[in-house]
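Student: In the order they appear, the protein sequences are chains A and B.
If you use my numbering, the first sequence corresponds to residues 12 to 502, in order.
If you use my numbering, the second sequence corresponds to residues 42 to 435, in order.
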Amino acid sequence: MSADARIFDAWCAPGWSGVAASAGPGPAVRILRPARTRPDEPPDLALSALELDSARASALVGSLRAARPGLLARPALEIVRALGGVGRRFLDEGDPLRGEALEVMPGTTGLSPAMCRKVLDGMARDWTEERLEALLRAELPDPGALDGFVASPDPTERVRRRAMGASFAFHLSAGSVPGVSTTSLVRSLLVKSPLLLKPGRGDVALPVLFLRALAGVEPELARAAAVVYWPGGDDAFGAAEDTVLAEADLVVAYGGDRVVADLRRRVAPTTRLVAYHHRVSFAVLGRAALAGGVAASAASVARAVALFDRRGCVSPHAVFVESPGDGASEGFADALTDAFRSLESELPSGRMDDAEASAVQQLRGTLELRSAAGEEISVRSGTSSPWTVVVEPGGGLVPSCPGRMVRVVPVRELEEVPARVAGLGRHLQTVGHLGVEADRLGKLAESLARVGVLRMVPVAEVAFPPSWWRHDGRGPLEALVRWVELDAGPG
Amino acid sequence: MRNEASGMFETLARELRTLFARGVTTPLGEDAFDEIALRVFRHQLAWNDVYRRFCAGRSATAGSVTSWRDIPAVPTTAFKHLRLVSAPGRTPQAVFRTSGTSRGSERRGEHVVPDVALYRAAALPGLAARVLPETVGRTDPGVEDRPGDGLRIPFLCLLPSPAEAPDSSLSAMAGFAVERWGDSSSGWFVDPASGLRAEAFGRALEVAAAGGRPVVVLGTAFSFVHWIDRGSAPVRLPDGSRVMETGGFKGRSRSVEKADLYGALDASLGVPPARIVNEYGMTELLSQFYEPVLGPPPMGGRAPAEPGTRWHVGPPWVRTRVLDSRTLEPVPRGEPGLLCHLDLANLGSVACVLTEDVGVEVGGGFRVTGRAEGAEPRGCSLAMEELVEAAGER
Chain A
12 MSADARIFDA WCAPGWSGVA ASAGPGPAVR ILRPARTRPD EPPDLALSAL
62 ELDSARASAL VGSLRAARPG LLARPALEIV RALGGVGRRF LDEGDPLRGE
112 ALEVMPGTTG LSPAMCRKVL DGMARDWTEE RLEALLRAEL PDPGALDGFV
162 ASPDPTERVR RRAMGASFAF HLSAGSVPGV STTSLVRSLL VKSPLLLKPG
212 RGDVALPVLF LRALAGVEPE LARAAAVVYW PGGDDAFGAA EDTVLAEADL
262 VVAYGGDRVV ADLRRRVAPT TRLVAYHHRV SFAVLGRAAL AGGVAASAAS
312 VARAVALFDR RGCVSPHAVF VESPGDGASE GFADALTDAF RSLESELPSG
362 RMDDAEASAV QQLRGTLELR SAAGEEISVR SGTSSPWTVV VEPGGGLVPS
412 CPGRMVRVVP VRELEEVPAR VAGLGRHLQT VGHLGVEADR LGKLAESLAR
462 VGVLRMVPVA EVAFPPSWWR HDGRGPLEAL VRWVELDAGP G
Chain B
42 MRNEASGMFE TLARELRTLF ARGVTTPLGE DAFDEIALRV FRHQLAWNDV
92 YRRFCAGRSA TAGSVTSWRD IPAVPTTAFK HLRLVSAPGR TPQAVFRTSG
142 TSRGSERRGE HVVPDVALYR AAALPGLAAR VLPETVGRTD PGVEDRPGDG
192 LRIPFLCLLP SPAEAPDSSL SAMAGFAVER WGDSSSGWFV DPASGLRAEA
242 FGRALEVAAA GGRPVVVLGT AFSFVHWIDR GSAPVRLPDG SRVMETGGFK
292 GRSRSVEKAD LYGALDASLG VPPARIVNEY GMTELLSQFY EPVLGPPPMG
342 GRAPAEPGTR WHVGPPWVRT RVLDSRTLEP VPRGEPGLLC HLDLANLGSV
392 ACVLTEDVGV EVGGGFRVTG RAEGAEPRGC SLAMEELVEA AGER
């Protein structure tokens with residue numbers, strides 16, 4: 012590790028008397044080497060990770076549970092104000108908290124500085140007081156249900172209901188999209204559920220910074236949360252992970268299918284598991300999108316692909332283009348190429364490790380050879396930037412490679428699309444649409460919904476759904492609470 | 042046209058066989074290598090339409106490529122989708138297939154070999170220099186078949202025989218060795234269907250141990266692991282015996298550190314790590330790379346007896362570059378990158394192959410530091426492996 016590599020403390024546990032919530036490695040941390048970086052990339056950032064064994068994990072969980080009564084006693088709307096007060100700082104250009112976030116994000120996420128800025132703006136938008144309150148009201152709809160039993164809006168209804176968060180929750184995030192784990196932490200506190208958050212490596216910075224800032228102004232509230240990073244699958248942390256899983260009433264996980272399968276095996280039948288597994292998204296372009304401004308349509312699609320360097324569950328991997336076979340799809344691919352090129356200056360691609368870059372080389376070369384062999388495939392790519400545009404009529408949602416790679420699939424009619432994607436039904440998520448008239452879109456949406464699609468929005472909107480979006484089909488707060496009913500009886 | 046192609050191929054193949062017959066310790070100067078490599082390239086451009094169009098797409102033509110370093114590389118993955126052949130008019134003499142990965146749904150790569158004699162000519166010299174005991178065949182590692190030359194020794198192969206596995210390039214290579222240097226007690230101890238022929242192997246080891254001649258035991262690493270896991274009674278093979286092991290663990294059997302494996306082989310067979318050689322090769326390349334632990338030290342020196350800091354060297358007719366994974370430009374010496382091999386023995390297919398192996402340049406050769414394929418997908422966005430699996434479920 013280079014002598015001037017900076018170290019970011021990948022943990023924050025305000026309520027745990029065993030470890031201070033301030034920066035600086037204590038006696039029980041391990042320094043994790045940064046991934047190898049190249050000279051033209053952001054500087055190294057090493058992580059200091061808390062050493063956690065089973066006993067210390069147990070003590071940590073104990074301290075979090077102990078914060079629950081205090082949390083339950085705080086009115087929900089006060090919690091909204093407290094969280095929103097910190098959240099909005101990430102959007103404030105003059106605030107050192109935003110400055111620090113933007114400084115450490117490139118070195119921890121692998122995204123370019125410009126992309127980090129865009130992602131932070133998009134994610135933190137939902138951390139303000141106004142948006143948090145809107146989220147509560149969208150889902151509950153009476154925030155008072157988090158404070159006590161509330162009456163139904165229907166005056167004839169006798170039953171009163173209360174939304175109860177878990178007594179201790181364990182959240183694990185994938186790390187592919189920064190900000191996701193902070194949103195998860197915020198939601199948990201909103202529903203008054205103490206939590207331990209283990210962020211994925213690419214998403215350690217924001218939740219740590221958020222919780223540190225919260226501890227500065229709301230120490231009691233902050234004591235109900237802890238953010239601790241450790242490398243997934245690392246045997247040294249296995250016992251701690253088992254302990255935390257055994258203690259949690261609720262486990263929230265964002266990750267690959269394998270991670271989710273592993274968690275399912277390890278949690279008790281009585282532990283609720285909210286798992287956001289692998290998802291794939293795509294776009295559909297009606298004739299109208301190609302008839303008029305092809306450049307504008309292409310720019311919109313390219314941006315949707317480029318955001319998060321296509322690592323998000325919402326990121327399109329393919330775009331089905333309604334093309335009557337007149338070469339319009341090749342023209343669209345050319346326009347996409349131009350759009351990706353210019354996006355490289357506005358929103359440069361982030362880092363890829365050798366494995367990811369190798370996958371790009373392998374796939375590109377293979378597609379070029381298949382095209383040379385006479386298959387109906389065309390490939391356009393940036394030489395040293397990792398974007399690739401493939402036109403493949405026989406293609407679809409098929410194996411892809413990392414980075415900004417998109418398949419353009421010409422179809423005669425968009426109505427063919429549901430059948431072509433049905434095979435991946437359980438993994439489908441977002442469909443970005445463009446140039447499809449309202450009536451037709453309604454019918455198409457019904458067919459797509461039937462095969463498993465969960466969200467259909469204009470292409471320009473795919474990246475940052477509102478926070479009350481029914482993520483993977485269910486409201487995010489609804490997934491975190493259990494509703495308790497009280498019927499006091501007649502009279 | 043076809044006859045012309047075939048004639049050109051035969052002429053070049055003959056020239057290459059002569060080159061290979063010089064052995065792996067006779068250096069081939071940069072200019073000489075360049076000259077032949079460019080002729081091989083032009084041959085492939087002329088007779089392999091797919092490769093020519095691919096090269097044209099990368100602005101590489103017979104006229105524009107003036108150095109072997111500018112020859113475009115074909116990714117190994119392409120062998121799973123296409124037959125890449127540069128010898129029209131010749132019926133393939135062999136089609137080798139990759140072993141496939143842990144995911145059964147993935148396609149197997151195919152390497153079409155128009156001329157098996159060229160493969161044999163490329164494979165024997167490396168084996169002779171880097172695996173065989175000094176007393177065997179050293180005087181004549183060439184391709185001319187002169188049975189009876191030099192001492193013949195037992196070759197115990199933890200592989201299916203070439204007859205049982207006609208699409209295995211590894212079995213074919215071992216077959217060349219057995220035919221050239223193996224005595225009548227040589228054998229094949231893996232059944233393609235049922236796996237290790239453990240009892241037979243055990244008996245062969247006992248016979249070999251009592252025989253007094255050095256023995257060569259050849260096999261894949263995971264077959265050796267299976268043998269060790271059986272916990273059979275150890276034998277002491279005669280002094281000078283050696284082991285050639287190859288292949289990684291690619292999701293099959295358990296992953297075992299080299300030092301542990303070699304220690305276990307020493308205990309089980311009586312062959313010390315100093316005489317255990319790893320071979321790095323692939324279906325897509327007809328030449329092989331060996332750790333220079335045995336035989337004459339190459340220019341970069343001999344590799345240490347203990348595994349862990351070894352490296353591999355190839356024959357003089359192969360040049361390996363370490364390329365930046367983003368740009369495919371060579372990395373500064375000592376920096377890691379993707380291994381790209383230009384193998385003249387691949388005359389009949391494509392000579393320049395980009396692997397998914399990550400390595401660093403070391404002492405005249407390279408050290409493989411990792412495998413870039415099958416990278417763990419990041420987060421919630423579906424990646425290649427999962428799409429393949431998900432699509433396969435339906």
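Don't be surprised by glycine CBs; every beta carbon is placed ideally from N, CA and C.
Since this is a predicted model, take the numbers as computed values, not measurements.
Quick one: list the residues of chain A neighbouring Glu-397(B), beta-carbon separation under 9 Å, in chain order.
Tutor: As a working note, residue 397(B) is residue 356 in the second sequence. The contacting residues are Ala-366, Ser-369, Ala-370, Gln-372 and Gln-373.
Student: Please decide whether His-122(B) counts as near chain A, where near means a Cβ-Cβ distance under 9 Å.
Tutor: The count along the second sequence starts at 1 and reaches residue 122(B) at position 81. Cβ-Cβ to chain A under 9 Å: yes for His-122(B).
Student: Starting from Ser-366(B), find everything on chain A with Cβ-Cβ shorter than 9 Å and list it in chain order.
Tutor: As a working mapping, residue 366(B) is identified with position 325 in the second sequence. Per Cβ cutoff of 9 Å: Met-363, Asp-364, Asp-365, Ala-366, Glu-367, Ala-368, Ser-369, Val-371 and Gln-372.
Student: Quick one: which chain B residues come within Cβ less than 7 Å of Glu-379(A)?
Tutor: As a first step, residue 379(A) must be located in the first sequence, where it is residue number 368. Near Glu-379(A) (Cβ distances below 7 Å), the residues of chain B are Phe-95 and Gly-98.
Student: Can you tell me whether Trp-494(A) is buried or exposed, with buried defined as 16 or more other CB within 10 angstroms of its CB?
Tutor: Position 483 of the first sequence, counted from the start, is the residue given in the question as residue 494(A). Trp-494(A) should be labelled exposed.
Student: Tell me the DSSP secondary structure of Thr-107(B) in three-state form.
Tutor: Your numbering for residue 107(B) matches position 66 in the second sequence. DSSP places Thr-107(B) in coil when its eight states are reduced to three.
Student: Answer with yes or no whether the minimum CB distance from Val-284(B) to chain A is below 9 Å.
Tutor: Indexing the second sequence from 1 puts residue 284(B) at position 243. With 9 Å as the cut-off, Val-284(B) does not count as an interface residue toward chain A.
Student: Since I believe Pro-357(B) is in contact with Val-65(B) (beta carbons under 8 Å), could you give me their beta-carbon distance rounded to a whole number of angstroms?
Tutor: Translated into positions along the second sequence, residue 65(B) becomes position 24. Translated into positions along the second sequence, residue 357(B) becomes position 316. Beta-carbon to beta-carbon, Val-65(B) and Pro-357(B) are separated by about 7 Å, close enough to satisfy the 8 Å threshold.
Student: Can you find a CB in chain A that lies within less than 9 Å of the CB of Thr-117(B)?
Tutor: Translated into the one-based positions of the second sequence, residue 117(B) becomes position 76. So, interface residue.
Student: Report yes if the C-beta of Leu-220(A) is less than 8 Å from at least one heavy atom of the ligand HEM; otherwise report no.
Tutor: Absent from the structure shown: the ligand HEM. Ligands present: none.
Student: Residues of chain A with CB under 7 Å from Val-91(B), in chain order?
Tutor: Against the second sequence, residue 91(B) aligns to sequence position 50. Listed along the chain, the chain A residues whose CB falls inside 7 Å of the CB of Val-91(B) are Leu-380, Ala-383 and Ala-384.
Student: Does Leu-173(B) pass the burial test, meaning 16 or more other C-beta atoms within 10 Å, or should it be called exposed?
Tutor: For this step, residue 173(B) is matched to residue 132 along the second sequence. With at least 16 other beta carbons inside 10 angstroms of its own, Leu-173(B) counts as buried.
Student: Less than 9 Å between the beta carbons of Val-255(A) and Phe-331(A), yes or no?
Tutor: The sequence position of residue 255(A) within the first sequence is 244, counting from 1. The sequence position of residue 331(A) within the first sequence is 320, counting from 1. Not closer than 9 Å, so no.
Student: Looking at the structure shown, is Lys-209(A) part of a helix, part of a strand, or coil, going by DSSP?
Tutor: By 1-based counting over the first sequence, the position of residue 209(A) is 198. Lys-209(A): strand per DSSP, three-state reduction.
Student: Does Ala-300(B) get closer than 9 Å to chain A when you measure Cβ to Cβ?
Tutor: The count along the second sequence starts at 1 and reaches residue 300(B) at position 259. Not an interface residue.
Student: Under a three-way DSSP split, which group does Lys-291(B) fall into?
Tutor: Locating residue 291(B) in the second sequence gives position 250, counting from the first residue. Caution is warranted here: a pLDDT of 48 is assigned to Lys-291(B), below 50, making its placement in the model unreliable, and no coordinate value can be reported.
Student: Nearest CA to the CA of Pro-207(B): which residue from Leu-380(B), Pro-371(B) and Asp-232(B)?
Tutor: Sequence index remark: in the second sequence, residue 207(B) carries index 166 (1-based). Taking only the C-alpha atoms, the option nearest Pro-207(B) is Asp-232(B).
Student: One question on the structure: do Ala-60(A) and Trp-27(A) come within less than 9 Å of each other, judged by their Cβ atoms?
Tutor: Within the first sequence, the letter at position 49 stands for residue 60(A). Within the first sequence, the letter at position 16 stands for residue 27(A). No, these two residues do not count as a Cβ contact at 9 Å.
Student: Checking contacts by CB at 9 Å: is Gly-110(A) closer than that to chain B?
Tutor: Here residue 110(A) refers to the residue found at position 99 when the first sequence is read from its first residue. Gly-110(A) does not count as touching chain B.
Student: Determine the direct distance from the alpha carbon of Ala-93(A) to that of Leu-222(A), and round the result to whole angstroms.
Tutor: For the purposes of this step, residue 222(A) is taken as the residue at position 211 of the first sequence. For the purposes of this step, residue 93(A) is taken as the residue at position 82 of the first sequence. Taking the straight line from one Cα to the other gives about 12 Å.
Student: Strictly below 7 Å CB to CB, what residues from chain B border Ser-392(A)?
Tutor: The residue labelled residue 392(A) in the question sits at position 381 within the first sequence. Going along chain B, no residue has its Cβ under 7 Å from Ser-392(A), so there is no contact; the nearest lies around 10 Å.
Student: Between which two residues does the beta strand (DSSP E) holding Asp-345(A) run?
Tutor: Translated into positions along the first sequence, residue 345(A) becomes position 334. Per DSSP, Asp-345(A) belongs to no beta strand (DSSP E); it is in the alpha helix (DSSP H), 339-357.
Student: Need the endpoints of the beta strand (DSSP E) that Tyr-287(A) sits in, please.
Tutor: Here the question's residue 287(A) lines up with position 276 in the first sequence. Note, Tyr-287(A): beta strand (DSSP E), 283-287.
Student: Measure from the alpha carbon of Cys-504(A) to the alpha carbon of each residue in Gly-266(A), Asp-253(A), Pro-359(A) and Ser-199(A), then state which is nearest.
Tutor: Coverage of chain A is limited to positions 12 through 502, which leaves residue 504(A) absent and any answer about it impossible.
Student: Beta carbon of Ser-340(A), beta carbon of Pro-421(A): below 9 Å?
Tutor: Locating residue 340(A) in the first sequence gives position 329, where the first residue counts as 1. Locating residue 421(A) in the first sequence gives position 410, where the first residue counts as 1. Yes, they are a contact pair.
Student: If we define contact as Cβ-Cβ less than 9 Å, is Ala-114(B) a contact residue for chain A?
Tutor: Start at 1 with the first residue of the second sequence, and residue 114(B) comes out as number 73. Among the residues facing chain A, Ala-114(B) is included, as its CB has a counterpart in that chain under 9 Å away.
Student: Drop a sphere of 10 angstroms on the beta-carbon of Met-340(B), count the other beta-carbons inside from all chains shown, and report buried for 16 or more, exposed for fewer.
Tutor: What you label residue 340(B) is simply residue 299 of the second sequence in a count that begins at 1. When all chains shown are included, Met-340(B) counts as exposed.
Student: Please list the terminal residues of the continuous beta strand (DSSP E) segment that includes Ala-180(A).
Tutor: Along the first sequence, one-based indexing puts residue 180(A) at 169. For Ala-180(A), the enclosing beta strand (DSSP E) begins and ends at 180-183.
Student: Could you check where the beta strand (DSSP E) with Ile-42(A) kicks off and where it finishes?
Tutor: The residue given as residue 42(A) occupies position 31 in the first sequence. 40-43 is the extent of the beta strand (DSSP E) around Ile-42(A).
Student: From Glu-141(A) to Arg-234(A), what does the alpha carbon distance come to, in whole angstroms?
Tutor: For the purposes of this step, residue 141(A) is taken as the residue at position 130 of the first sequence. For the purposes of this step, residue 234(A) is taken as the residue at position 223 of the first sequence. The C-alpha of Arg-234(A) is placed about 24 Å away from the C-alpha of Glu-141(A).
Student: Could you check whether the Cβ of Leu-369(B) sits closer than 9 Å to any Cβ belonging to chain A?
Tutor: Position 328 of the second sequence, counting from 1, holds the residue named residue 369(B). It does; some Cβ of chain A falls within 9 Å.
Student: Starting from Pro-154(A), find everything on chain B with Cβ-Cβ shorter than 9 Å and list it in chain order.
Tutor: Within the first sequence, numbered from 1, the residue matching residue 154(A) stands at position 143. Those within 9 Å of Pro-154(A) in chain B number zero; the least Cβ separation is about 29 Å.
Student: Measure the CB-CB distance between Leu-259(B) and Leu-199(B) and report whether it falls below 9 Å.
Tutor: Residue 259(B) sits at position 218 when you count from the first residue of the second sequence. Residue 199(B) sits at position 158 when you count from the first residue of the second sequence. It is a contact, given that the beta carbons lie within the stated cut-off.
Student: I think Arg-351(B) touches Val-334(B), with their Cβ atoms under 8 Å apart; what is that distance to the nearest whole Å?
Tutor: Locating residue 351(B) in the second sequence gives position 310, where the first residue counts as 1. Locating residue 334(B) in the second sequence gives position 293, where the first residue counts as 1. At roughly 7 Å, the Cβ-Cβ gap stays under 8 Å, so Arg-351(B) and Val-334(B) are in contact.
Student: Between which two residues does the alpha helix (DSSP H) holding Thr-75(B) run?
Tutor: Reading the second sequence from its first residue, position 34 is the one you call residue 75(B). Per the sequence presented here, residue 75(B) reads as Asp, with Thr not at that position. Note, Asp-75(B): alpha helix (DSSP H), 71-88.
Student: Count the other CB atoms, across all protein chains shown, that sit within 10 Å of the CB of Pro-166(A); report buried if there are 16 or more and exposed otherwise.
Tutor: Residue 166(A) sits at position 155 when you count from the first residue of the first sequence. Pro-166(A) is exposed by the Cβ-count criterion.
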